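Report on the structure given below.
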Amino acid sequence: MIPGGSQGSATSDVVRLSKLEELLAGGFAGGISRICIAPLDVAKIRFQLQVDPVSPFGDSARPKWWGQVQPASLSIRRPKYSGVLQTLITIAREEGPSALWKGNAAAEGLWIGYTATQFLVYGELVDLLHRTLFRRNEWARNNFEGGFVENLVTGGLAGGVATVTTYPLDVIRTRLAAQGEPKVYQSSMCVVRSILRNEGGVPGLYRGLGPVLVSIAPGLALTFGFYGWFKSIGWGDSAVHPVANLGVGAMAGGLAKLAVYPLDLVKRRMQMQYSRATPQVGEWMGGTKTVLESLHRIVGRDGVRGLYRGVIPALAKAVPATALTFTVYEQTKLYFLRKKAMPQSDMDPISIPAV
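Just so you know, the working numbering puts 1636 at position 185 of the sequence shown, and the rest follows in order with no gaps.
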């Protein structure tokens, strides 16, 4: 079973976490994970917002029927960022080592709020399924309880709710992480004021939400689905083998990221096309307003491989981030459960549900 909810039989002697404990476990997992992978996230964003052609052979990579959409003012030149390690070294050399955690205050708030909301909503949805559908329908219980489909649906819905709740923090984090030197935005509040004043008010804080929801829902659905399926076949037992649990989380995160990465790329481009910190992105995007229009523009210039610009740092971030998040969450949850399950006397046997 994957974390969240009280999967299994609902007996009166099963210890359950409170809503506050669920939030604390999720928030702690998100905070620890974010601190560890912040430099890789900055590198990924720089790759995604780099609009130099993927290679000097971009024309040959583009389908002939796709059309010519490359702005005339953009010439083919060697990309500034060409590898994960090279990108990290370049940022640290030009902007100082602290730049590798640029925008991390907003990102910490994003990840803590996001993972706390995600796991709480996920657990509530799982409990709802067990109290309703699986209790009343034996066929559904036998075929879907605790399996890939259950985790796919509940994980996707939880990811959607968490995304809408915390999305403005993602926009702020992207603006801060993408800028070089000299800085355009000095703080998170500078970003908020600029967006509210110059980019249409509050709706500007939600620019790019469409492709985010399109990518997050299936991305989280696949992550939870793969994670739950791997554990259901015995590949990871967080209570006994947290190292194996790290491996399961890593595989789930990597497979899900590969599946939805092009939509993540489009999201970043749409978030930054009106930013003064990256005018080249705005010129390249040309005011595109829809996901399909943006995808057409990317493939038209760089070919299909352009949809995976920055995928290596993205995987380098997603794999350990997912592994750490799930493992820290489950270990924190297990800690709370064990504390609550300490019997008052030998006459008080209390069972701990699988996490």
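Built from N, CA and C at the ideal position, the CB exists for glycine as well.
Fair warning: this is a prediction, and the values are worked out from it, not measured in the lab.
Three-state secondary structure (DSSP) of residue i
i: Ile1684; result: coil
i: Thr1566; result: helix
i: Ser1457; result: Reliability fails at Ser1457, whose pLDDT of 44 lies under 50, so the model's placement of it is uncertain and the value that follows must be treated cautiously. If DSSP states are grouped into helix, strand and coil, Ser1457 belongs with coil.
i: Lys1790; result: helix
i: Lys1531; result: coil
i: Gln1537; result: helix
i: Asn1593; result: helix
i: Thr1583; result: coil
i: Glu1650; result: coil
i: Thr1776; result: helix
i: Gly1659; result: coil
i: Gln1782; result: helix
i: Asp1799; result: Only weak support exists for where Asp1799 lies, its pLDDT of 41 falling under 50; the coordinates are left without a value.
i: Thr1674; result: helix
i: Asn1588; result: coil
i: Lys1547; result: Inspection of the sequence shows that residue 1547 is occupied by Gly rather than by Lys. It is coil, neither helix nor strand.
i: His1747; result: helix
i: Arg1760; result: coil
i: Gly1700; result: helix
Close beta carbons around residue i, own chain, < 7 Å, minus the five adjacent residues each side
i: Leu1576; result: Thr1605, Leu1608 and Ala1609
i: Ala1707; result: Gly1670, Leu1673, Thr1674 and Phe1677
i: Tyr1712; result: Tyr1759, Val1762 and Ala1765
i: Glu1596; result: Phe1585
i: Gly1705; result: Leu1766, Ala1769 and Val1770
i: Ile1486; result: none
i: Ala1703; result: Thr1674, Phe1677, Tyr1678, Phe1681 and Thr1773
i: Ala1556; result: Ser1639
Residues near residue i by beta carbon distance below 8 Å, same chain, minus five either side
i: Val1572; result: Leu1608, Ala1609, Val1612 and Ala1613
i: Thr1616; result: Gly1564, Tyr1565 and Thr1568
i: Leu1716; result: Gln1499, Ile1749, Leu1758, Tyr1759, Arg1760 and Gly1761
i: Leu1842; result: Residue 1842 lies beyond the residue range present for the chain, which begins at 1452 and ends at 1806; the question has no answer from this structure.
i: Glu1559; result: Gly1482, Arg1485 and Ile1486
i: Ala1710; result: Pro1669, Gly1670 and Leu1673
Beta-carbon contacts of residue i that lie in its chain and below 6 Å, excluding the five residues immediately before and after
i: Gly1478; result: Ile1563 and Ala1567
i: Ser1511; result: Because Ser1511 sits at a pLDDT of 43, beneath the cut-off of 50, its placement in the model cannot be relied upon, and the point is left open.
i: Ala1701; result: Val1770 and Ala1774
i: Phe1777; result: Gly1700
i: Leu1468; result: Phe1787
Q: Would you mind listing the alpha helix (DSSP H) stretches within the segment 1596 to 1646 that are 4+ residues and don't spill past its ends, in chain order?
A: 1599 to 1629
Q. What runs of the alpha helix (DSSP H), each 4 residues or longer, lie entirely inside the segment 1465 to 1499?
A. 1470 to 1499
Q. Are at least three pairs of beta-carbons, each pair with one atom in the segment 1581 to 1598 and one in the segment 1643 to 1651, less than 8 Å apart?
A. no
Q | Validate contact between the segment 1530 to 1542 and the segment 1772 to 1780 using beta carbons, cut 8 Å, 3 pairs | A | no
Q. Per the contact definition of three or more C-beta pairs closer than 8 Å, is the segment 1485 to 1493 in contact with the segment 1780 to 1792?
A. no
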